[in-house]
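Novice: Dumping the structure here so I can ask a few things about it.
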């Protein structure tokens, strides 16, 4: 068996019949299999492609075909392509065999499907709701079904969320949240502690659930691009790009070369300000306040640069399907260059402050270790994966503009807070290099900033390696250019579980430190 | 290494610093508004005005800007404003986000835990009427549907200067 076998060959070699094959875009292969073969096919692809479940979602096609359709997305890194395994689910008996028994990374997606569509993953031991809290939302209302009508005003849920319990002599629970001490998003953390070390952490999210996937349905792609920038405020540009990419793929147009380079510049600027913010946050959480304030100053400088470049400190409103709205002219190029020189100097200073402080390094070294095996099982992506020895970076692993630019993907082995900090530092350096490369290429090119986007029916997956990790946006448009379904997966959705494993054996006072080193999104997870 | 430490000490001596000439006007403006803010706080709240911030489902950009107000560039604390962990220490509740249904109870409880007299300030486009998230099955379409809002600060998101200016406007009206 060759390394380069396509996903279809792999399934055929395992004697799994493929009913339908479609390749609507160069890097997306859709394989439909018999419903009975689905779980086995998923397991085969999971093992042979060496990919966790990147997305697993449903679409309500009852009006068209009388069925639900499930899509399970894997990454074929060798072929730089997505492999999407599909099956039907009968509307009358919305049940399918769970994948989660064999593939842990499917578990949360199945819980999501159960609560949003009422499709039961048979055999999944944990189908508790994630976002529609049992105390708030009554039973039997599935928001992402097309015929959904909201429950009556004032009706409340009758259920209660069951936390996992650790029992035994001297074990006690520490509940934290949803309202935290700092200025931060809401989440509930329940620690079980025996003496000092944490023996279990359960994270309950959904507090910032706003129903974005439902809100997106029926919107035109221009309206939707606007809303996508509000999924997670610190990743506004990344989400804008990921969504626009999916629309561009459907329409068959490509953003002009100049627009692509400018997108890289903005995305890397977003990465730099967030990574520096995290470096400061890590310092703050060990009580090392001077570098923390210093980092806040560098971040402010970058935010002001963003504001000067496009009018929005968080880079909102730059992306539009087909290209970008805000050019970087010669004067702005000069501004970026001069500001980045200052930022780089300050960043190196900050890095030196942190890494030359023995007491700081003592706190971050071997704290919050996420092992490679665990990270693989949970399908951890982004910074956290690269700090745990998994070389996964969509800028390298998927086709796109980044293939024409040179940079080294950061990678560390240890998986602790220090490793994640190092990955961030290396990525800041990499990003600064990328921005300069783009600026060099930019000066010579002079093309329009937007391509025309045809209103076309179809579906596509957009993916951008933003600062946290790969943002995945699967969009389906109808013939008038309105959204039929949009599935969004933030890296946080799977990475939060990584945090729950990383803190085991650590003490609660180190939790903020571990948390900040992952720096995951509440709104991106809750949607 | 000694040189490095000495240099750090030198940098450490400077707090609340402007960046370069182009931003000086901005920083002077902050300073002026801040002085006004300080006077108002002295007159109305006896030297200090403490705020408890709650995110009820925002995208996180408002939080980021509030944190920026506390950075050495703006250093809002020097004017007498501080963000506190406990609602029991707070004069005002600053709420961002359209209020996700899940957060409604926690938000009410936070408000109830505050001693009187107390004020609710809503901040950001979505905190009044839901903004981009209006019409969702899972939001309460704004803070005013849950708590008695005294003052609303519009913007998506606000810049730190706008936050400081708006707090000044709030204190003038209270």
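Residue numbers (our numbering), protein chains in the order written: chain A, 3 to 529; chain B, 33 to 206.
Even for Gly, the Cβ is constructed at its ideal location relative to N, Cα and C.
Under the DSSP definition of a beta bridge, which residues are partnered with residue 305(A)?
Specialist: Its beta-bridge partners do not exist; DSSP assigns none.
Novice: Going by C-alpha to C-alpha distance, which of 231(A), 110(A), 68(A) sits closest to residue 93(A)?
Specialist: Out of 231(A), 110(A), 68(A), 68(A) has the C-alpha closest to the C-alpha of residue 93(A).
Novice: Using the rule of at least 16 other Cβ atoms within 10 Å of the residue's Cβ for burial, across every protein chain shown, is residue 456(A) buried or exposed?
Specialist: Residue 456(A) comes out exposed.
Novice: Compile a chain-ordered list of the residues in the segment 280-306 of chain A whose CB is closer than 8 Å to at least one CB of chain B.
Specialist: Listed by position, the residues of the segment 280-306 of chain A near chain B (Cβ gap below 8 Å) are 292, 295, 296, 298, 299, 301, 302, 303, 305, 306.
Novice: Quick one: list the residues of chain A neighbouring residue 133(B), beta-carbon separation under 9 Å, in chain order.
Specialist: Residues of chain A passing the Cβ test: 134, 135, 138, 139, 211.
Novice: Does the beta-carbon of residue 53(B) have 16 or more other beta-carbons within 10 angstroms, so that it is buried, or is it exposed?
Specialist: Residue confidence for residue 53(B) is low, a pLDDT of 48 falling below 50, so the modelled location carries little weight; the figure read from the coordinates is stated next. By the neighbour-count rule (16 or more Cβ atoms within 10 Å), residue 53(B) is not buried but exposed.
Novice: Of all Cβ atoms in chain B, is any one closer than 8 Å to the Cβ of residue 317(A)?
Specialist: Chain B contact via Cβ: absent.
Novice: Got a sec? Which residues, its chain only, sit under 8 Å from residue 344(A) by beta carbon, not counting five neighbours each side?
Specialist: Once the five neighbours on either side are set aside, the close Cβ partners of residue 344(A) are 303.
Novice: Using CA coordinates, which residue listed in 88(B), 64(B), 193(B), 195(B) is at the minimum distance from residue 140(B)?
Specialist: Here the closest residue by C-alpha is 88(B).
Novice: Which chain B residues sit within Cβ distance under 8 Å of residue 152(A)?
Specialist: Within 8 Å Cβ-Cβ: 169.
Novice: Are the CB atoms of residue 258(A) and residue 450(A) within a distance shorter than 8 Å?
Specialist: Yes, these two residues count as a Cβ contact at 8 Å.
Novice: Taking the straight line between their C-alpha atoms, what separation do you get for residue 52(A) and residue 78(A)?
Specialist: Cα-Cα distance, rounded: 8 Å.
Novice: Take the Cβ of residue 205(B) as the centre, count every other Cβ of all protein chains shown within 10 Å, and call the residue buried at 16 or more, exposed below.
Specialist: With fewer than 16 other Cβ atoms within 10 Å, it is exposed.
Novice: Could you check if residue 461(A) is buried or exposed, using at least 16 other CB atoms within 10 Å of its CB as the buried criterion?
Specialist: By the 10 Å Cβ count, residue 461(A) comes out buried.
Novice: Would you list the one or two residues that DSSP bridges to residue 312(A)?
Specialist: Paired residue(s): none; residue 312(A) is not in a bridge.
Novice: How long is the line joining the alpha carbons of residue 198(B) and residue 214(A), rounded to whole angstroms?
Specialist: If I take the Cα positions, the gap works out to 29 Å.
Novice: For residue 107(B) and residue 185(A), what's the separation of their Cα atoms in angstroms?
Specialist: Their backbone Cα atoms lie some 15 Å apart in a straight line.
Novice: I want to verify the contact list: residues of chain A whose CB lies under 8 Å from the CB of residue 92(B), in sequence order.
Specialist: Per Cβ cutoff of 8 Å: 187, 234, 235, 236, 523, 524, 525.
Novice: What are the residues that DSSP puts in a beta bridge with residue 340(A)?
Specialist: DSSP lists no partner for residue 340(A).
Novice: Looking at C-alpha atoms only, which residue of 317(A), 480(A), 140(A), 498(A) is the closest neighbour of residue 66(A)?
Specialist: When only C-alpha atoms are compared, the closest one is 480(A).
Novice: Check the Cβ of residue 208(A) against every Cβ in chain B and list those closer than 9 Å, keeping chain order.
Specialist: Near residue 208(A) (Cβ distances below 9 Å), the residues of chain B are 132, 134.
Novice: Residue range of the beta strand (DSSP E) that residue 61(A) falls in?
Specialist: Where residue 61(A) is concerned, the enclosing beta strand (DSSP E) stretches over 57-63.
Novice: Verify whether the separation of the beta carbon atoms of residue 100(B) and residue 192(B) is less than 8 Å.
Specialist: Going by C-beta atoms, residue 100(B) is nearer than 8 Å to residue 192(B).
Novice: Report yes if the CB atom of residue 425(A) is closer than 8 Å to the CB atom of residue 278(A), and no otherwise.
Specialist: No, the pair does not count as a contact, with Cβ atoms beyond the cut-off.
Novice: Beta-carbon of residue 227(A) versus every beta-carbon of chain B: anything under 8 Å?
Specialist: No, because no Cβ of chain B sits closer than 8 Å to the Cβ of residue 227(A).
Novice: Reducing DSSP to helix, strand and coil, say where residue 26(A) ends up.
Specialist: In this structure, residue 26(A) counts as strand in the three-state DSSP scheme.
Novice: DSSP three-state call for residue 275(A): helix, strand or coil?
Specialist: Helix, per DSSP.
Novice: Closer than 9 Å, Cβ to Cβ, to anything on chain B: give me those residues from the segment 163-195 of chain A, in chain order.
Specialist: Listed in sequence order: 179, 180, 181, 182, 183, 184, 185, 186, 187, 188.
Novice: For the segment 70-89 of chain B against the segment 221-231 of chain A, are there 3 or more C-beta pairs whose distance is under 8 Å?
Specialist: Contact fails: fewer than three Cβ-Cβ distances are below 8 Å.
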